[in-house]
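Heads up, the thing below is written out as structure tokens.
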Amino acid sequence: MTGADFDVLVIGAGPAGLSAAVAAAENGARVLLVDENADPGGQIWRKDLLDEGKKRKRDLVRRANDAGVETAFSSRISVVLDQSCAILDSDAGTRRIEFGRAVIATGARELMLPFPGWTFPNVFGIGGLQALVKSGFDVAGKRIAISGTGPLLPAVGSFLKKRGARIVIVAEQATSFSLVRFAASMVSQPRKLLQARDYLFGRNAVTIKPNRFIRSVRRDGSELVLNFGPSGGIDELRCDILATGFHLVPNTDVAMAFGCEIRNGRVVTDDFQETSVKGIYAAGEPTGISGVEGALAEGTIAGFAASGAHEMAEPLFRKRDRETAFGGKLDLAFMLRPELRELAEKDTIICRCEDVKFEQLRNRTTWREAKLLTRCGMGPCQGRICGPAYAFLFNQEVLEQRNPIQPLACGEIAKGS
11 MTGADFDVLV IGAGPAGLSA AVAAAENGAR VLLVDENADP GGQIWRKDLL DEGKKRKRDL
71 VRRANDAGVE TAFSSRISVV LDQSCAILDS DAGTRRIEFG RAVIATGARE LMLPFPGWTF
131 PNVFGIGGLQ ALVKSGFDVA GKRIAISGTG PLLPAVGSFL KKRGARIVIV AEQATSFSLV
191 RFAASMVSQP RKLLQARDYL FGRNAVTIKP NRFIRSVRRD GSELVLNFGP SGGIDELRCD
251 ILATGFHLVP NTDVAMAFGC EIRNGRVVTD DFQETSVKGI YAAGEPTGIS GVEGALAEGT
311 IAGFAASGAH EMAEPLFRKR DRETAFGGKL DLAFMLRPEL RELAEKDTII CRCEDVKFEQ
371 LRNRTTWREA KLLTRCGMGP CQGRICGPAY AFLFNQEVLE QRNPIQPLAC GEIAKGS
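Each residue of the sequence shown is one higher than the one before, starting from 11 at the first, in my numbering.
Shown next as structure tokens:
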């Protein structure tokens, strides 16, 4: 289709990226699929999948192979040179690639909010703990508390219970009213109701305690002692491990490097998933959190559009829009309560990479000022953890991404460019 190395570059091999690569390749495009993990599937389709997830992943991977999709796993786009050229980095070194169009399907990461004790050993991000357990971390017999917000809480709780953990609490910051209203809105989506039923009433079900959140954590020997809010009800609990997470945040760093418009923390796209930059598309969580079905629909639309088959994408609009509406219901049901902004104390660490404390950030007027005067967000994670927390705590926009997107030696940048 073009004189470039590839017609379509797909960044991210989760459900959205896989479906985009398949749609484009089956429409005759030369496709390169890049992912920093060693295997396709993203976080949602890692190991230990249920049978349905295994089948869907296997089918997409088979179709990608049959359609001739070239893959680059354990690799990442480190530098965006322009809208048709980037530097690909892997253990084997750097490589300059040219492409006609690109689909950004970089997924999401969990939102971590700081509270006293959140940096203690054995305090994990909920998705991070799940990934560790899938990779062999043994939780059998461990007392695990789960706290935060969102549908990931009962899902991970059920998963950990299946692995032998003792779940002492699943504390959800949303109110009972919000959860009931959310459940009622799901009547028209039976697949999601069945999934929720398994997590809440199945063999490895967990019980959610709504209107509860961690105020602070202290250590007592090898135990974690959790203090809960708001006042009343549960006061303290002891556990071996705390898993916490406050829903998900779209990964927009690659989109920002391409110069795409970001609004309310999400990549802005049109009906065909094209961003504000011509020829650059986005699909899945970068455009908003709406689950696997939404990611698959958006990825397929983007893949068809990027390969010029707009007429094949149009029939999927209705499904995509339905799943996007589900994402809006998620946002409403699990909206963060304002009390969470008040948990951090003056010596609570906000930026773990650079050891920046809440007191150092409290009077900063912009994210840029915070970075320049405190080095917040300038460590190895490049603000991926502290940036969203800062945005929530101080109600400030965090929109800044420069090359390289990932750490890269200057010599490698010079070779690739």
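All C-beta atoms, glycine included, are put in the ideal place defined by N, C-alpha and C.
Close Cβ partners of residue i (< 7 Å) along its chain, the five nearest in sequence each way excluded
i: Ala267; result: Val90, Gln411, Asn413, Ile415
i: Gly63; result: Trp55
i: Gly174; result: Val149, Ala150, Gly151
CB of residue i within 8 Å of CB of residue j, strictly
i: Gly397; j: Gly387; result: yes
i: Ser29; j: Leu326; result: no
i: Val20; j: Ala118; result: no
i: Cys95; j: Arg111; result: no
i: Val216; j: Val180; result: yes
i: Glu333; j: Ser300; result: yes
i: Ala292; j: Val277; result: yes
i: Gly103; j: Ala35; result: no
i: Gly304; j: Phe336; result: yes
i: Val113; j: Ala319; result: no
i: Ala399; j: Met122; result: yes
i: Gly51; j: Ala23; result: yes
i: Thr384; j: Gln370; result: yes
i: Val143; j: Glu80; result: no
i: Ile87; j: Val44; result: yes
i: Gln93; j: Ile290; result: yes
i: Asn261; j: Thr116; result: yes
Residue nearest to residue i in terms of C-alpha spacing, selected from the options
i: Phe125; options: Asp341, Lys64, Glu349, Asp15; result: Glu349
i: Asp49; options: Glu36, Arg68, Arg40, Ile290; result: Arg68
i: Pro417; options: Gln392, Gly301, Asn261; result: Gln392
i: Arg222; options: Asp76, Arg330, Leu346, Thr116; result: Leu346
i: Val408; options: Gly421, Asp263, Asp76; result: Asp263
i: Phe192; options: Ala115, Glu120, Ala82, Gly338; result: Gly338
i: Gly231; options: Asp92, Pro131, Ile136, Asn37; result: Pro131
i: Trp497; options: Leu163, Val41, Phe402; result: This structure does not reach residue 497, given that the chain is present from 11 up to 427, and the question cannot be answered.
i: Gly151; options: Leu170, Ala26, Ala323, Gly24; result: Leu170
i: Ile224; options: Ser157, Ser186, Val166; result: Ser157
Neighbourhood of residue i by C-beta, 8 Å cutoff - its chain only, sequence neighbours within 5 removed
i: Leu189; result: Glu182, Ile218, Pro220, Ala343
i: Phe329; result: The sequence shown places Lys at residue 329, not Phe. Taken in chain order, the residues that qualify are Glu303, Ala307.
i: Met322; result: Ala33, Asn37, Phe314
i: Asn47; result: Ala23, Phe83, Ser84
Cut-off 6 Å between Cβ atoms - residues of its own chain near residue i, not counting five sequence neighbours on either side
i: Glu271; result: Val278, Ser286
i: Arg153; result: Arg176, Val178, Cys249, Asp250
i: Ala74; result: Ala31, Val32
i: Gly5; result: Missing from the structure shown is residue 5; the chain here goes from 11 to 427 and no further.
i: Asp357; result: Lys367
Terminal residues of the beta strand (DSSP E) in which residue i lies
i: Asp341; result: Not the beta strand (DSSP E): Asp341 falls in the alpha helix (DSSP H), residues 327-343.
i: Lys219; result: 218-220
i: Glu438; result: One cannot answer for residue 438 here, as it falls past the ends of the chain, which runs 11 to 427.
i: Arg191; result: Not the beta strand (DSSP E): Arg191 falls in the alpha helix (DSSP H), residues 186-195.
Burial state of residue i (16 or more Cβ within 10 Å)
i: Gly146; result: exposed
i: Phe404; result: buried
i: Glu295; result: buried
i: Asp99; result: buried
i: Pro164; result: buried
i: Pro240; result: exposed
i: Phe187; result: exposed
i: Ala419; result: exposed
Within-8 Å CB hit, residue i to chain C
i: Asp250; result: In summary, chain C is missing from the structure at hand, where a single protein chain is found.
Delimiting residues of the alpha helix (DSSP H) encompassing residue i
i: Glu379; result: 377-384
i: Cys396; result: 396-404
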